[in-house]
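Working notes, structure below.
Right, dumping it as structure tokens:
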């Protein structure tokens, strides 16, 4: 399946990407799987490792690691929000 | 002793007075005494009887019936406030 | 700076809020409240109130508002407070009261603003008389206002 | 009516508050909040922040603010809500956010206004980066904001 991934704020700066389009291997079912997959790229991508303070959204709704990822989803990773 | 007494809102309308200057008999020591004294005028003044929902101030500070009244004080009686 | 006004004239809400942070860079939060005349009465029913007349106790009004603001200043970290309360004849939709509070953080600003309104409702000597089709009618004090003010007791 | 704006431009606080009660006679209370850029940092110290850049997630921002306002509408009796949040580069003293809530009574207006701010702080995808003499620095999320939002859990 193919998904769009967005990165925001300090995470965007750390990774050097604001967005990418990914074709995912079949073994990736959930947001948690996707995050591990990206973290295994190593280097700056370790910022996405489990335990790092990263939040995520699927199709613009906050989502936890257990939520399923589907074809054509828009996934976003970002630090805790600091608006207001 | 001589004091000024003010009446406000519905109490002012009931009594037909907005203010008066009173020379008090010697047996009046407290705000409660003064209120009883006025209520004993009878007729519309019964609106000041004990148990009626009347508030009072001495020299522009909210005061209870136990507070002493002194010469030249400004005393006010009024219903519960409804501003804001 | 704390400023209190008791006046017949209307006021400019935007200018009052602006003034609470103008020229300074330590204000992060301005909470404010505007109270307006409603046409519907507490007793229910449709649009019954054609106007309202606010009476107050000149001198004591200012004194009681100053005491309320001073108490708020003692309870929270505030950078400025503005209270305006009108008196006289007002029609539905008109502004009655404004409370604005500036602080570094929103928690203090919100709490102090609501505190001032709750105390003002039970301690400032104002009285409202409504004009209705049945004639003039003094507004009764609300128990809800007493319990709102009682929340802040410590 | 509930209206949400996410914009670079500044806004007119007085006009926004006025609009919440304009032409109606059932609004008795308008509670509002303005958040501004402070020059001092949370870490303490003097005037360190020369500017701040707010980044957001277009699309999700509006969606999350709409959900927050809808939740407030379900919890309290509201007659109108207005939320404006700016993004881009802002200097100390500039407005960042406005929340205004109209209701018949002040209790609902205050509670909903504070609720919307608390939820906005923890759920709306905005991020702040401060310009300081030592360079750019992303603002960390505050635990105080999480606990403020947690108060409303029921």
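Protein chains in written order, with the working numbering: chain A, 844 to 927; chain B, 844 to 927; chain C, 232 to 385; chain D, 232 to 385.
No residue lacks a Cβ here, since even glycine has one placed at the ideal position from N, Cα and C.
As the structure is a prediction and not an experimental result, all values here were calculated from the model.
{"query": "Comparing alpha-carbon positions, which option in C/268, C/310, C/339 lies nearest residue 926 of chain B?", "result": "C/268"}
{"query": "Would you list the one or two residues that DSSP bridges to residue 360 of chain D?", "result": "D/284, D/369"}
{"query": "Name the chain A residues whose beta carbon is nearer than 7 angstroms to that of residue 353 of chain D?", "result": "924"}
{"query": "Does the stretch 297 to 311 of chain D come into contact with the stretch 321 to 339 of chain D, if we say contact requires no fewer than three beta-carbon pairs (one atom in each stretch) closer than 8 angstroms?", "result": "yes"}
{"query": "Quick check: the Cα distance between residue 347 of chain D and residue 300 of chain D, rounded to an integer number of angstroms?", "result": "7 angstroms"}
{"query": "What does a CB cutoff of less than 6 angstroms around residue 266 of chain D pick up in its chain, not counting 5 residues either side in sequence?", "result": "327, 328"}
{"query": "Using a Cβ-Cβ distance cut-off of 8 angstroms, determine whether residue 851 of chain A contacts chain D.", "result": "yes"}
{"query": "Under a Cβ-count criterion, where at least 16 other Cβ atoms within 10 Å of its own Cβ denotes burial, should residue 918 of chain B be classed as buried or exposed?", "result": "buried"}
{"query": "For residue 322 of chain D, is the classification buried or exposed, using 16 other Cβ atoms within 10 angstroms of its Cβ as the cut-off for buried?", "result": "exposed"}
{"query": "Return the Cβ separation of residue 916 of chain A and residue 902 of chain A in integer angstroms, given the expectation that the two are a contact with Cβ distance under 8 angstroms.", "result": "6 angstroms"}
{"query": "Just tell me which of C/296, C/297, C/288 has its CA closest to the CA of residue 855 of chain B.", "result": "C/288"}
{"query": "Applying a beta-carbon distance threshold of less than 9 angstroms, which residues of chain A neighbour residue 290 of chain D?", "result": "903, 917"}
{"query": "Can you find the residues in the same chain that come closer than 6 angstroms, C-beta to C-beta, to residue 340 of chain D, ignoring five residues on each side of it along the sequence?", "result": "260, 262, 332, 334"}
{"query": "Who are the Cβ neighbours of residue 907 of chain A in its own chain at under 6 angstroms, not counting the five residues just before and after it?", "result": "none"}
{"query": "What does the alpha-carbon distance come out to for the pair residue 373 of chain D and residue 897 of chain B?", "result": "49 angstroms"}
{"query": "Strictly under 8 angstroms for the Cβ-Cβ distance: is residue 267 of chain D near chain C by that measure?", "result": "yes"}
{"query": "So which residues on chain C does residue 920 of chain B lean against when the C-beta distance must stay under 9 angstroms?", "result": "Within chain C, no residue comes near residue 920 of chain B; the closest Cβ sits about 11 angstroms away, beyond 9 angstroms."}
{"query": "Rounded to the nearest angstrom, how far is the Cβ of residue 324 of chain C from that of residue 379 of chain D, given a contact under 8 angstroms?", "result": "Not quite, the Cβ-Cβ distance comes to about 34 angstroms (not below 8 angstroms), so this is no contact."}
{"query": "What in chain D is Cβ-close to residue 900 of chain A, meaning under 8 angstroms?", "result": "288, 291, 356"}
{"query": "What's the gap between the Cα of residue 351 of chain C and the Cα of residue 875 of chain A?", "result": "53 angstroms"}
{"query": "Buried or exposed: where does residue 283 of chain C fall if 16 or more other Cβ atoms within 10 Å of its Cβ makes it buried?", "result": "buried"}
{"query": "Among D/355, D/366, D/234, D/252, whose alpha-carbon lies nearest the alpha-carbon of residue 281 of chain D?", "result": "D/366"}
{"query": "So, at 8 angstroms on beta carbons, what are the nonlocal neighbours of residue 241 of chain C in its own chain, with the 5 sequence-adjacent residues on each side left out?", "result": "317, 325, 326"}
{"query": "Decide if residue 188 of chain D is buried, meaning its Cβ has at least 16 other Cβ atoms within 10 Å, or exposed.", "result": "Outside the displayed span of chain D (232 to 385) sits residue 188 of chain D, for which this structure offers no information."}
{"query": "When DSSP labels each residue in this structure, what does residue 872 of chain B get in the three-state scheme?", "result": "coil"}
{"query": "Could you check whether the Cβ of residue 212 of chain D sits closer than 8 angstroms to any Cβ belonging to chain A?", "result": "Outside the displayed range of chain D (232 to 385) lies residue 212 of chain D, so it cannot be described from this structure."}
{"query": "Distance cutoff 8 angstroms, beta carbons only. Does residue 297 of chain C sit that close to anything in chain D?", "result": "no"}
{"query": "Give me the residue from C/290, C/258, C/271, C/306 with the minimum Cα distance to residue 364 of chain C.", "result": "C/271"}
{"query": "Where does residue 887 of chain A land, buried or exposed, given buried means 16+ other C-beta within 10 angstroms?", "result": "exposed"}
{"query": "On the DSSP letters alone, give me the boundaries of the beta strand (DSSP E) that residue 312 of chain C sits inside.", "result": "311 to 317"}
{"query": "What is the residue span of the beta strand (DSSP E) that residue 328 of chain D lies within?", "result": "326 to 334"}
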